[in-house]
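Visitor: Handing you a structure now.
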Amino acid sequence: MEDQAGQRDYDLLVVGGGSGGLACAKEAAQLGRKVAVVDYVEPSPQGTRWGLGGTCVNVGCIPKKLMHQAALLGGLIQDAPNYGWEVAQPVPHDWRKMAEAVQNHVKSLNWGHRVQLQDRKVKYFNIKASFVDEHTVCGVAKGGKEILLSADHIIIATGGRPRYPTHIEGALEYGITSDDIFWLKESPGKTLVVGASYVALECAGFLTGIGLDTTIMMRSIPLRGFDQQMSSMVIEHMASHGTRFLRGCAPSRVRRLPDGQLQVTWEDSTTGKEDTGTFDTVLWAIGRVPDTRSLNLEKAGVDTSPDTQKILVDSREATSVPHIYAIGDVVEGRPELTPIAIMAGRLLVQRLFGGSSDLMDYDNVPTTVFTPLEYGCVGLSEEEAVARHGQEHVEVYHAHYKPLEFTVAGRDASQCYVKMVCLREPPQLVLGLHFLGPNAGEVTQGFALGIKCGASYAQVMRTVGIHPTCSEEVVKLRISKRSGLDPTVTGCCG
Amino acid sequence: LERSPPQSPGPGKAGDAPNRRSGHVRGARVLSPPGRRARLSSPGPSRSSEAREELRRHLVGLIERSRVVIFSKSYCPHSTRVKELFSSLGVECNVLELDQVDDGARVQEVLSEITNQKTVPNIFVNKVHVGGCDQTFQAYQSGLLQKLLQEDLAYDYDLIIIGGGSGGLSCAKEAAILGKKVMVLDFVVPSPQGTSWGLGGTCVNVGCIPKKLMHQAALLGQALCDSRKFGWEYNQQVRHNWETMTKAIQNHISSLNWGYRLSLREKAVAYVNSYGEFVEHHKIKATNKKGQETYYTAAQFVIATGERPRYLGIQGDKEYCITSDDLFSLPYCPGKTLVVGASYVALECAGFLAGFGLDVTVMVRSILLRGFDQEMAEKVGSYMEQHGVKFLRKFIPVMVQQLEKGSPGKLKVLAKSTEGTETIEGVYNTVLLAIGRDSCTRKIGLEKIGVKINEKSGKIPVNDVEQTNVPYVYAVGDILEDKPELTPVAIQSGKLLAQRLFGASLEKCDYINVPTTVFTPLEYGCCGLSEEKAIEVYKKENLEIYHTLFWPLEWTVAGRENNTCYAKIICNKFDHDRVIGFHILGPNAGEVTQGFAAAMKCGLTKQLLDDTIGIHPTCGEVFTTLEITKSSGLDITQKGCCG
Chain E
5 MEDQAGQRDY DLLVVGGGSG GLACAKEAAQ LGRKVAVVDY VEPSPQGTRW
55 GLGGTCVNVG CIPKKLMHQA ALLGGLIQDA PNYGWEVAQP VPHDWRKMAE
105 AVQNHVKSLN WGHRVQLQDR KVKYFNIKAS FVDEHTVCGV AKGGKEILLS
155 ADHIIIATGG RPRYPTHIEG ALEYGITSDD IFWLKESPGK TLVVGASYVA
205 LECAGFLTGI GLDTTIMMRS IPLRGFDQQM SSMVIEHMAS HGTRFLRGCA
255 PSRVRRLPDG QLQVTWEDST TGKEDTGTFD TVLWAIGRVP DTRSLNLEKA
305 GVDTSPDTQK ILVDSREATS VPHIYAIGDV VEGRPELTPI AIMAGRLLVQ
355 RLFGGSSDLM DYDNVPTTVF TPLEYGCVGL SEEEAVARHG QEHVEVYHAH
405 YKPLEFTVAG RDASQCYVKM VCLREPPQLV LGLHFLGPNA GEVTQGFALG
455 IKCGASYAQV MRTVGIHPTC SEEVVKLRIS KRSGLDPTVT GCCG
Chain S
1495 LERSPPQSPG PGKAGDAPNR RSGHVRGARV LSPPGRRARL SSPGPSRSSE
1545 AREELRRHLV GLIERSRVVI FSKSYCPHST RVKELFSSLG VECNVLELDQ
1595 VDDGARVQEV LSEITNQKTV PNIFVNKVHV GGCDQTFQAY QSGLLQKLLQ
1645 EDLAYDYDLI IIGGGSGGLS CAKEAAILGK KVMVLDFVVP SPQGTSWGLG
1695 GTCVNVGCIP KKLMHQAALL GQALCDSRKF GWEYNQQVRH NWETMTKAIQ
1745 NHISSLNWGY RLSLREKAVA YVNSYGEFVE HHKIKATNKK GQETYYTAAQ
1795 FVIATGERPR YLGIQGDKEY CITSDDLFSL PYCPGKTLVV GASYVALECA
1845 GFLAGFGLDV TVMVRSILLR GFDQEMAEKV GSYMEQHGVK FLRKFIPVMV
1895 QQLEKGSPGK LKVLAKSTEG TETIEGVYNT VLLAIGRDSC TRKIGLEKIG
1945 VKINEKSGKI PVNDVEQTNV PYVYAVGDIL EDKPELTPVA IQSGKLLAQR
1995 LFGASLEKCD YINVPTTVFT PLEYGCCGLS EEKAIEVYKK ENLEIYHTLF
2045 WPLEWTVAGR ENNTCYAKII CNKFDHDRVI GFHILGPNAG EVTQGFAAAM
2095 KCGLTKQLLD DTIGIHPTCG EVFTTLEITK SSGLDITQKG CCG
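Just so you know, the sequences run in chain order E and S. When we follow the working numbering, the leftmost residue of the first sequence carries the number 5, and every step to the right adds one. When we follow the working numbering, the leftmost residue of the second sequence carries the number 1495, and every step to the right adds one.
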C-alpha cells in the first residue's frame, strides 16, 4: 500500500464485480486510471456460489437465456417432423447435461472477466467489502484476512439478490431462488414457482419447456409495471402450453415430507380456503433486495431509501457523498437491467475521468421477457400512455399475426400480437411498442432506436417490411383499437 | 383574363417555401388549404425538360381520369362562373386552383402547349378540351356540353390489373376498397418442366414463402444438432424426408391461394384466370386455358406481371434443368444438386438443400450476390462452404445431358472456365438454374399501345408515381426499372398507387433505404448502402465504418463457431455520422434488421446507436456497442460477453 502523504491507493475503487462494476473498472483503466474491483459472492441460503461477473453472467440473463433456448429447442424438435425430419417423439431431456453445459459456459465467462481485468491492469480482490470511512473500504477475504483499500472515487455496484419471504414457515430452509436454479446438479423435478415477476415467469417457462411439471403461484397481477394486456397474453400462452397457474393464492408454509418431497400449504384468497400440494422444488421469485446491508454505508454517510434500502443518487449517479457513486440494480428508481448498468457505469467513468458531461438517459429503455413466447417492449405501456396523455389523445394500433414458421409446424398463434401506442394527433408520435412472439428481443432492438429518434406512426409505416419475418408486422400495423375492427392478419403479403 | 407569365421562373424561385410539399394535387376536388401549397411535380434540381415532361404526364393523367377538370384561379371571376355552372348541373368537377399550387405558372405553360390556350379557366369534359369560360357557356347553350357530359366512355372497369402477385393484388384490393370496379387477370404460364401454381404470384408460390419454410426446415436440422448439447436425448441418426416437407409446404401455399381468391371475392374484385394482353388503347384480350378469348376495357391499367427465372440458352437446359419455379413443389428429393448462379435465390436454395444433408455444388460465373455488399457476400459464401456447400468459381455450364431418367434422374454437366480453356464435367441428380430473372413484359401487347420498355432488360421505366409513358397505364413490382425486386415493395407501391389514383392521397412509394434479408444458412440482413456503393457515392475518406464479429449466446453452448457472425454500419462523417448502410450476418437477421430500417427512416446516427440501451442477451444489441472502426485496423474477434 502506498498510503503516504495523504495519497490514496486507487483513483477508483469499484465495489461489486457485476456488469456495471466491471464496465466502470475497465473504462477507467482504459482512461489510464489506477483501479481496483472488489467482488464477493455471499453464498445463497442453499449454499450456491459463483465466480466473477455478477448476476447477469452467473445467475441471470446468461444462464436464463440458455435454458430458455433449451426449452425453445424442445419446441423445435416437436416442429421438426412437420418439416420432414424423422425424429421419434417424445424426446426426453437430461437436466444434468444441460446444466453442465450452461455452467461450463458461465465458468468460461468468469474466467474471461478475470483475464480482461488483468489485461487492463485492474486490481481484483475477491473480498467482502464494507466502508470504514468515506474514502476507505475494509475487505475480508475467505480466510478472514482483512485488508484496507482507499480511493479518491468509489462506485458502489453491488446489485441485488433474490428476496425470501419472511413469515412463511420453511421458506428459507426448503425453498430455492434464481440464485440456485441454474446451478442445480439434478433436475428440480415438479416445481412450484412463487411470484409473478419476469424471473418467475421465465423460470417457470423454461422448466415447463424441458418437460417438468411446473406451477406458478401468484397473489395478484403478472409482470407488474409491464403493459397488462401483454402480460395477460404471456400468461395465457404459458397456460396453454402446460404451465399450471394458481392465481390469487399465497403460500403459508412449506414442510418436508418423509419421502423428501415438499408439501406447500397456501391460501386461496378468492375462496378463502386453504389448500396443499406437493412438489420437489419450491422456487421463490417474489422480488429482489439490494445488496447494501453489509456495506456499512452509514460509516461513509451514503443515504439509502428507508423503504427499499436502495441507494439514492442524483442524475450524475452521485450519492449523498459527492465522490461516492452508485450504479446498477442497487440504485433507487432505476430499471434493473444489465445494459443499463453497463452504460450508466461507462458514462459515469467518462464523466469522472474522460472530461465528458453526458448523462445517462433512462427513458425508452427496451427490454424483453424471455418467456416461452417472448415479450419485447420499449416506451410506455398502454396504461401509462393513457394515464399521461388521456384516453382521447392516445391511438393504439394492433395486430394478431401468425409467424410463417408456425403454419407448417401447426402451432397455435393465438397470442402472437403486436401493438404500437401512439399519440393520436398527427404526426402520431410513437410512445410505446409491444411485441409478443418469437425472437421478440431481436425485433424490439431496432425499433427502440426508432422510438429514441422520435419516430412517428407515419414514419414507421413508410418503412418497407422484410418479408417474411415477424418484425414486418410492426410496419404493417393499420388497425387501431378505436376502430373496433378485427386486428387479425390474414393470409400473407398484404 | 389571367395571362400566363412569359417565362417559366423554374424551380427555386424567390418566395417559395423552403420545405414545400411534394406530390401532385389530391384529385383536387377540394381547394388546396391555404398555407399548405401542393406541387404538381417533384421538387429539386431535376433537369427542367424532364420535370416538364413529368408535369405534362401528370396533367394528361388528371385529364384522362376525370369527368370534368377545371384549371382555375381562385380569385378569377370567370373561373367562378364556370364552377357555378357545373355545380348547377350537379356535376362534380376536379378543380385545380393554379394560384394555390407552387408551380401553377408552369402548369399554365404546359397547358398552353397542350391546348393552345394560355388563359384560365381551362375546361376539359370527358377528355375533350372545351376551352375557356365563354366556350363552355356556348357549349352549354348549344347542348354540346350536356352531350359531352353524357358521353360516358363506358369502360367495363375502372381499373384492370394484369398480374395477380403481391403488387397486383394489393393494388386491386385497395382500389376496390375505394369503391372502384376492378378486375385482376392472372395466368401462370407453366414452366418448361410443366410446373404451374395458383393465385398470388411468385412470393407466395415459388418465392419468399416456400423458400423461408424450406430454410426453416434446414434451420430445424441445425436445431436438432444443437438440441443434444442442450440436454435433449435421442440417438438415432435423424433423416430428412423431402416429400413430407414439400407436401406440408404446398398445403400451406394452397391455403394462401384460396385466401387470395376469397379476399378478392369479398372485395368484389373480378378475378379472371386468363392471360391478358393489350390489343388497343384501353382494351385487352384475355385468353383462358382453353384458348377462349374475351375482351375487356378499362379506364386505367396496372401492369404487375413480375418476372420468371432465366434459362442459360445452352443445350439441354430447358429439357433437363429446373428452376426455383419447380424446386418447391418437386415431387421427389432432388438428390445431388448443382446450383448454377450466385444470386440470392441460388445461395438460398443451395443453403437449405445442403441443410437437408444433400450434396450441393454452386457454380459461380463471377461474384456472389451482385449488388450486395461484397464483404458480406463473401462471408455468406464462406459460411456455406464451411457447412458443406461446394463452390465452383469462374465456371459456366455449356451443356447438360441426360444420363438416366428417373426421380431424380442423372445429368451430366459440362462446364468451361471463364478465364481459360479448361473444361470440367460433373454428374448430378438435379441441376437448378438461378442465374437471374426476366420481366414478363414482351408478350403482353405493350407495343400495341406504345408503352415503352427497356429493350435490353425488358423492364418498364416509370416516373415517381409508377406511371409509364402512356398516362393511363401504370406498373408495379419486379418489372419496374431500377427498383428493388421485393414483395413488400410491390405491395407498398401497389397500395399507394391505388390510393393516389382513387383516394385523396399524395403519398408516393419511397424506394430509399429498403431493408432486405437473404435467408442463407447464416442470414444476411441489410438496409441502405453497401460499402462499395457508399465509397462510390461519398468517397472513402468521408465515411467511418464500424464493425464487429459476435458470438450469439445460443451458439456458445451449442458449440458453434465463434467469430463468424458479423455486424457493420457505414456512417457519413460529414452528416453527423448518419448511418447510411446497415449490415448484419447472423441468426434472425431479418428480425433484427427491420427495426433498424425503421430507425434509418428517422435519421439514425451513430450517436443514437450509442445512446440506445441494448436488449440483453440478443444479437441485435451488438449495434448499440460498436466501437471499432475499420480504418483503425483493430482486432474485432470476440471474447466473453457483457461489455
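Just so you know, even glycine gets a beta-carbon here, dropped at the ideal spot from N, CA and C. Predicted model, so just to flag it, every value in this text is computed and none were measured.
Does chain E have any CB closer than 8 Å to the CB of Arg-1515(S)?
Guide: Only weak support exists for where Arg-1515(S) lies, its pLDDT of 34 falling under 50; the value from the coordinates is given anyway. Output row for Arg-1515(S): interface = no.
Visitor: Can you pull out the residues from the stretch 99–127 of chain E whose beta carbon lies closer than 7 Å to at least one beta carbon of chain S?
Guide: The stretch 99–127 of chain E vs chain S, Cβ under 7 Å: Trp-99, Lys-101, Met-102, Ala-105, Val-106, His-109, Leu-113, Gly-116, His-117, Gln-120.
Visitor: Of the residues Val-1945(S), Val-1562(S), Arg-1936(S), Leu-1553(S), which one's Cα is nearest the Cα of His-1775(S)?
Guide: Cα-wise, what sits closest to His-1775(S) is Val-1945(S).
Visitor: Under a Cβ-count criterion, where at least 16 other Cβ atoms within 10 Å of its own Cβ denotes burial, should Glu-2048(S) be classed as buried or exposed?
Guide: Buried is the call here.
Visitor: Can you pull the chain S residues whose beta carbon is under 7 Å from the beta carbon of Glu-476(E), in chain order?
Guide: Chain S residues near Glu-476(E): Pro-1982, Gln-2088.
Visitor: Is Pro-166(E) buried or exposed, if buried means 16 or more other CB atoms sit within 10 Å of its CB?
Guide: It counts as buried.
Visitor: Can a CB atom of chain E be found closer than 8 Å to the CB of Cys-2135(S)?
Guide: Here the model assigns Cys-2135(S) a pLDDT of 47, short of 50, so the residue's position is not dependable and the matter cannot be decided.
Visitor: Which residues mark the beginning and the end of the beta strand (DSSP E) in which Gln-395(E) is found?
Guide: No beta strand (DSSP E) contains Gln-395(E), which DSSP labels as neither H nor E.
Visitor: Exposed or buried, what is Glu-1727(S) when buried is set at 16 or more other beta-carbons lying within 10 Å of its beta-carbon?
Guide: Exposed, since its Cβ has fewer than 16 Cβ neighbours within 10 Å.
Visitor: Who are the near neighbours of Val-203(E) in its chain, counting only those whose CB is closer than 7 Å to its CB and skipping five residues on each side?
Guide: Answer for Val-203(E): Ser-182, Ala-289, listed in chain order.
Visitor: Below 8 Å on the Cβ atoms is my contact criterion, and I expect Tyr-1651(S) with Ala-1792(S) to pass it. Report the Cβ-Cβ distance as a whole number of Å.
Guide: Contact holds; Cβ gap of about 4 Å.
Visitor: At least one CB of chain S closer than 8 Å to the CB of Ile-66(E): is that the case?
Guide: For Ile-66(E), the answer is yes, since a Cβ of chain S falls inside 8 Å of its Cβ.
Visitor: What does DSSP give as the partner residues of Cys-2021(S) in its beta bridges?
Guide: Cys-2021(S) is bridged to Phe-2076(S).
Visitor: Name, please, each residue of chain S whose Cβ falls closer than 8 Å to the Cβ of Asp-365(E).
Guide: Residues of chain S passing the Cβ test: Asp-2105.
Visitor: Measuring only from the beta carbon, is Asp-156(E) closer than 7 Å to any heavy atom that is part of the ligand SAM?
Guide: Ligands in the displayed structure: none, and consequently the ligand SAM is not present.
Visitor: Please go through the same chain and pick out, in chain order, the residues whose beta-carbon is closer than 7 Å to the beta-carbon of Gln-419(E), but skip the five residues on each side of it.
Guide: These residues qualify, in order along the chain: Met-237, Glu-240, His-241, Leu-377, Leu-440.
Visitor: Can you give me the start and stop residues for the alpha helix (DSSP H) that Asp-1(E) sits inside?
Guide: One cannot answer for residue 1(E) here, as it falls past the ends of chain E, which runs 5 to 498.
Visitor: Just to check my reading of the structure: Gly-174(E) and Arg-228(E) have Cβ atoms closer than 8 Å, yes? What is that Cβ distance to the nearest angstrom?
Guide: That belief does not hold up - the Cβ atoms of Gly-174(E) and Arg-228(E) are roughly 26 Å apart, past 8 Å.
Visitor: Which residues does DSSP list as the beta-bridge partners of Ile-1954(S)?
Guide: Note: Ile-1954(S) sits in a beta bridge opposite Leu-1974(S).
Visitor: In the DSSP assignment, the beta strand (DSSP E) including Thr-2138(S) goes from what residue to what residue?
Guide: No information on residue 2138(S) is available, as it lies outside the stretch 1495 to 2137 that chain S covers here.
Visitor: Mapping the DSSP letters down to three states, classify Tyr-1569(S) as helix, strand or coil.
Guide: If DSSP states are grouped into helix, strand and coil, Tyr-1569(S) belongs with coil.
Visitor: How about Val-41(E) and Val-126(E): are their beta carbons less than 8 Å apart?
Guide: Against a cut-off of 8 Å, the Cβ pair of Val-126(E) and Val-41(E) comes out as a contact.
Visitor: Can you give the Cα-Cα distance for Pro-192(E) and Thr-2106(S), rounded to whole angstroms?
Guide: Approximately 38 Å, taken between the alpha carbons.
Visitor: Buried or exposed: where does His-117(E) fall if 16 or more other Cβ atoms within 10 Å of its Cβ makes it buried?
Guide: So His-117(E) counts as buried.
Visitor: Of all the residues that make up the stretch 1718–1736 of chain S, which are near chain E by a beta-carbon distance shorter than 9 Å?
Guide: Those residues of the stretch 1718–1736 of chain S that come within reach of chain E (Cβ to Cβ, closer than 9 Å) are Leu-1718, Asp-1720, Ser-1721, Arg-1722, Lys-1723, Phe-1724, Gly-1725, Trp-1726, Glu-1727, Tyr-1728, Gln-1730, Val-1732, Arg-1733, His-1734, Asn-1735, Trp-1736.
Visitor: Please name the residue in Tyr-1569(S), Ala-1599(S), Ala-1836(S) whose C-alpha comes closest to that of Leu-1549(S).
Guide: The shortest Cα separation from Leu-1549(S) among Tyr-1569(S), Ala-1599(S), Ala-1836(S) belongs to Ala-1599(S).
Visitor: What first and last residue would you give for the alpha helix (DSSP H) that runs through Ser-1606(S)?
Guide: Per DSSP, Ser-1606(S) belongs to the alpha helix (DSSP H) from 1598–1609.
Visitor: Could you tell me if Tyr-1789(S) is buried or exposed, where buried requires 16 or more neighbouring beta carbons within 10 angstroms of its beta carbon?
Guide: Tyr-1789(S) comes out exposed.
Visitor: DSSP puts Asp-137(E) in a beta bridge; with which residues?
Guide: DSSP output for Asp-137(E) lists Thr-140(E) as bridge partner(s).
Visitor: Which of the three DSSP states, helix, strand or coil, is assigned to His-97(E)?
Guide: DSSP places His-97(E) in strand when its eight states are reduced to three.
Visitor: Which residues in chain S sit within 8 Å of Trp-89(E), going by Cβ to Cβ distance?
Guide: Ala-1711, Leu-1714, Gly-1715, Leu-1718, Val-1732, Arg-1733, His-1734, Asn-1735, listed in chain order.
Visitor: How should Lys-149(E) be labelled, buried or exposed, when 16 other C-beta atoms within 10 angstroms of its C-beta is the threshold for buried?
Guide: The residue in question, Lys-149(E), is exposed, as its Cβ has fewer than 16 Cβ neighbours within 10 Å.
Visitor: Below 8 Å on C-beta distance, what does His-2110(S) contact in chain E?
Guide: Cys-60, Cys-65, Leu-341, Thr-342, Pro-343, listed in chain order.
Visitor: Which residues mark the beginning and the end of the beta strand (DSSP E) in which Ser-1933(S) is found?
Guide: Note, Ser-1933(S): beta strand (DSSP E), 1931–1933.
Visitor: Quick check on Asn-1729(S): buried or exposed, where buried means 16 or more other Cβ atoms within 10 Å of its Cβ?
Guide: Exposed, since its Cβ has fewer than 16 Cβ neighbours within 10 Å.
Visitor: From the DSSP output, in three-state form, read off Thr-1924(S) for me.
Guide: Strand at Thr-1924(S).
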